[in-house]
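Number of protein chains: 2
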Amino acid sequence: MRGMTKEQLVENIKKKGSFLCIGLDVDLDKIPPFLLEYEDPIFEFNKRIIDATKDLCVAYKPNIAFYECHGTKGWEALKKTVDYIPDDIFTIADAKRGDIGNTSHYYAKTFFEYMNFDSVTVAPYMGVDSVTPFLEYDGKWVILLALTSNKGALDFQFTTDINGEKLFEKVLKKSAAWGNSSQLMYVVGATRSEAIGEVRAMSPDYFFLVPGVGAQGGSLEDVATYGWNDSCGILVNSSRGIIYAGNEEDFADKARLAALDLQSQMAKILKEKGL
Amino acid sequence: MRGMTKEQLVENIKKKGSFLCIGLDVDLDKIPPFLLEYEDPIFEFNKRIIDATKDLCVAYKPNIAFYECHGTKGWEALKKTVDYIPDDIFTIADAKRGDIGNTSHYYAKTFFEYMNFDSVTVAPYMGVDSVTPFLEYDGKWVILLALTSNKGALDFQFTTDINGEKLFEKVLKKSAAWGNSSQLMYVVGATRSEAIGEVRAMSPDYFFLVPGVGAQGGSLEDVATYGWNDSCGILVNSSRGIIYAGNEEDFADKARLAALDLQSQMAKILKEKGL
Numbered sequence: 044m045r046g047m048t049k050e051q052l053v054e055n056i057k058k059k060g061s062f063l064c065i066g067l068d069v070d071l072d073k074i075p076p077f078l079l080e081y082e083d084p085i086f087e088f089n090k091r092i093i094d095a096t097k098d099l100c101v102a103y104k105p106n107i108a109f110y111e112c113h114g115t116k117g118w119e120a121l122k123k124t125v126d127y128i129p130d131d132i133f134t135i136a137d138a139k140r141g142d143i144g145n146t147s148h149y150y151a152k153t154f155f156e157y158m159n160f161d162s163v164t165v166a167p168y169m170g171v172d173s174v175t176p177f178l179e180y181d182g183k184w185v186i187l188l189a190l191t192s193n194k195g196a197l198d199f200q201f202t203t204d205i206n207g208e209k210l211f212e213k214v215l216k217k218s219a220a221w222g223n224s225s226q227l228m229y230v231v232g233a234t235r236s237e238a239i240g241e242v243r244a245m246s247p248d249y250f251f252l253v254p255g256v257g258a259q260g261g262s263l264e265d266v267a268t269y270g271w272n273d274s275c276g277i278l279v280n281s282s283r284g285i286i287y288a289g290n291e292e293d294f295a296d297k298a299r300l301a302a303l304d305l306q307s308q309m310a311k312i313l314k315e316k317g318l
Numbered sequence: 044m045r046g047m048t049k050e051q052l053v054e055n056i057k058k059k060g061s062f063l064c065i066g067l068d069v070d071l072d073k074i075p076p077f078l079l080e081y082e083d084p085i086f087e088f089n090k091r092i093i094d095a096t097k098d099l100c101v102a103y104k105p106n107i108a109f110y111e112c113h114g115t116k117g118w119e120a121l122k123k124t125v126d127y128i129p130d131d132i133f134t135i136a137d138a139k140r141g142d143i144g145n146t147s148h149y150y151a152k153t154f155f156e157y158m159n160f161d162s163v164t165v166a167p168y169m170g171v172d173s174v175t176p177f178l179e180y181d182g183k184w185v186i187l188l189a190l191t192s193n194k195g196a197l198d199f200q201f202t203t204d205i206n207g208e209k210l211f212e213k214v215l216k217k218s219a220a221w222g223n224s225s226q227l228m229y230v231v232g233a234t235r236s237e238a239i240g241e242v243r244a245m246s247p248d249y250f251f252l253v254p255g256v257g258a259q260g261g262s263l264e265d266v267a268t269y270g271w272n273d274s275c276g277i278l279v280n281s282s283r284g285i286i287y288a289g290n291e292e293d294f295a296d297k298a299r300l301a302a303l304d305l306q307s308q309m310a311k312i313l314k315e316k317g318l
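If you read the protein sequences in the order shown, they are chains A and B. Numbered per our numbering, the first sequence finishes at 318, counting up by one with no gaps. Numbered per our numbering, the second sequence finishes at 318, counting up by one with no gaps.
Below is the structure:
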């Protein structure tokens, strides 16, 4: 069964000069049309993207919505994709699950046992018993939503309580008692870079999964400036900017170039920071 | 394609003397062992439960976690189950999804198009653009988490802001601008009956999906006292208390008796309330 320690993840980051996560959000309307003739176009697309980028990234993150919407075919493509990703690359099921304890237990089974991911994203609204069943697996990770990159993040996440504490701060504080930084990470959106600094101050040891660089407008330098810790501490995700960089026969080469562009910037940052 | 108006739902409640929702949380470790010999034990179980209870309830709610954990087989059993439920019974995908707009759009496709449910439960943490893509389907419903029935509900949902407003109240207030009571319902747990009254005062016209009666300890009378509105306005869910009432060859008869017990109480309440 897959699984990765924090030390192994940090080692991979140093070795590859990269803290890049590539989001495998495969949309049949966006992939090169010639792939649609294959028996499993989703897996065929992912396979070629993985082959072209696996030396440049330390994580892959399929967003489950893009697979579920194809029913059983989507689940098969997802399973094949996870199996195809080399074991030394961290895998993230971007599923944003969370339910009462008895039910979260089954979601954990789905993503950690059946699908064999290293980690899963979880939504915090239902509190402790919706999160802890995922934390019971050795070597597996929960990536909890703290501060998301979308417009709707402003609706509830910045709500300030009577003690001056924002909701996302409360999520960080409470959840730190549920899991340590070797089993729990946080989603912290790149589109609010000053807030990343606040989150880093509150959670010095935890890794952040940072979406929102690229299509959503976040800046890699800002994320590194505000989010860094002495183990790097950030996984920066890019999905559409890499996987849809091209739309022809050479799409995988184009994806590689887009990934290489980000990875080169990351290598430079890692060097500057002494990692 | 399935779909149900609020008027049709209320009509069904009156006709059947029931506001019962049955949760189809099928666990292979809990179903009668003789069913495991069938090709699709999950569907076989659901089919018999549906046959035995469909005149007593107005909704069925499969919790998606229990299907996902079996991968493609689980998804097939789920699809067959939804197809098997008569069209005049409301179907709820208890999936607790929610992601950035582009992604929620694909979750909506999954549950409303591919799976053909009438409704899906959605988590509010990511705000407006995580919810509105689900509201774009005519005749389909979002059931938004407001106040859940579990212990962890206390972690964040009761957080009071500087204006004295609790987080679940903010969810009710903001989301009322996103969808009206003919397309949006709320999850309001039965285990906090006084709070149900608060929610009803804030959202007089909306239906509530009320889990937590039975195994989790909530009381049907309290729910009806605090949650009622002039169209009934509540769907009370029971899962384990009904579907696992028996564990032998006659499990479907036992499930019927357990459902009948709740439905009789509901018929009495409906009569007292003049519906």
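Just so you know, even glycine gets a beta-carbon here, dropped at the ideal spot from N, CA and C.
>> Only counting the same chain, and skipping five residues up and downstream in sequence, which positions put a Cβ closer than 6 Å to that of G257 of chain A?
In response: S281 and G284
>> One question on the structure: do G207 of chain B and A233 of chain B come within less than 7 Å of each other, judged by their Cβ atoms?
In response: no
> Sorted by chain position, which residues of the same chain lie with C-beta nearer than 6 Å to Y168 of chain B's C-beta, five sequence neighbours on each side aside?
Replying inline: none
> Going by beta carbon distance, what residues of the same chain come within less than 6 Å of I56 of chain B, once the five residues before and after it are set aside?
Replying inline: F62, V101 and C275
> What is the DSSP secondary structure of K316 of chain A, counted as helix, strand or coil?
Replying inline: coil
>> On the DSSP bridge list, what partners appear for N193 of chain B?
In response: BP columns for N193 of chain B are empty, so no partner.
> From E264 of chain B to E315 of chain B, what distance separates their C-alpha atoms?
Replying inline: 12 Å
> Thinking C-alpha only, which one of B:I85, B:A136 and B:M47 is nearest A120 of chain B?
Replying inline: B:I85
> Pick from A:K122, A:D130 and A:L278: whose alpha carbon is nearest that of I186 of chain A?
Replying inline: A:L278
> Is it a yes or a no for the region 76-93 of chain B touching the region 74-84 of chain A, going by three-plus beta-carbon pairs under 8 Å?
Replying inline: no
>> Ignoring anything shorter than 4 residues, give me the alpha helix (DSSP H) runs that lie fully in the region 127-176 of chain B, in order along the chain.
In response: 144-151 and 171-174
> Among B:H113, B:E179 and B:E54, which residue has its Cα nearest to the Cα of V69 of chain B?
Replying inline: B:H113
> Is the Cβ of A233 of chain A closer than 7 Å to any Cβ of chain B?
Replying inline: no
> To the nearest angstrom, how far is it from the Cα of K104 of chain A to the Cα of G170 of chain B?
Replying inline: 22 Å
> How long is the line joining the alpha carbons of F88 of chain B and W118 of chain B, rounded to whole angstroms?
Replying inline: 15 Å
>> My parser needs the beta strand (DSSP E) runs of 3 or more residues fully inside the region 62-89 of chain A; what are they?
In response: 63-66
> Would D293 of chain A be called buried (16 or more neighbouring beta carbons within 10 Å of its own) or exposed?
Replying inline: exposed
> How many angstroms separate the CA atom of A267 of chain A from the CA atom of L210 of chain A?
Replying inline: 24 Å
> So what does DSSP say about K104 of chain B, is it helix, strand or coil?
Replying inline: strand
> Just how far apart, CA to CA, sit L197 of chain A and V165 of chain A?
Replying inline: 19 Å
> With respect to the beta strand (DSSP E) encompassing F251 of chain B, which residues constitute its N-terminal and C-terminal limits?
Replying inline: F251 to V253
> Is T153 of chain A close to chain B, meaning its C-beta is less than 7 Å from at least one C-beta of that chain?
Replying inline: yes
> Do you know how far the Cα of K216 of chain A is from the Cα of A238 of chain A?
Replying inline: 15 Å
>> As a quick exercise: from A:Y149, A:A302, A:N159 and A:S225, pick the residue whose alpha carbon is nearest that of P176 of chain A.
In response: A:Y149
> Looking at C-alpha atoms only, which residue of B:G46, B:M245, B:N290 and B:A288 is the closest neighbour of G270 of chain B?
Replying inline: B:M245
> For M309 of chain A, which three-state DSSP category applies?
Replying inline: helix
> Roughly how many angstroms lie between the CA atoms of F154 of chain B and D142 of chain B, to the nearest whole one?
Replying inline: 14 Å
>> For T96 of chain A and R299 of chain A, what's the separation of their Cα atoms in angstroms?
In response: 5 Å
> For C275 of chain B, which beta-bridge partners are listed by DSSP?
Replying inline: B:N272
> Between which two residues does the alpha helix (DSSP H) carrying V242 of chain A extend?
Replying inline: S236 to M245
> If you draw a straight line from the C-alpha of D131 of chain B to the C-alpha of M47 of chain B, how long is it?
Replying inline: 8 Å
>> Considering just the uninterrupted stretch of the alpha helix (DSSP H) at L52 of chain B, what are its terminal residues?
In response: K49 to K59
>> Please confirm whether Y206 of chain A has its beta-carbon closer than 7 Å to some beta-carbon of chain B.
In response: Sequence check: residue 206 of chain A is Asn here, not Tyr. With 7 Å as the cut-off, N206 of chain A does not count as an interface residue toward chain B.
>> Once the 5 residues before and after K90 of chain B are set aside, which same chain residues still bring their CB inside 7 Å of it?
In response: Y127
>> Checking 7 Å against the spacing of the C-beta atoms, do V231 of chain A and A288 of chain A come in under that value?
In response: no
>> Within the continuous beta strand (DSSP E) that includes L227 of chain B, where are the two ends?
In response: L227 to V231
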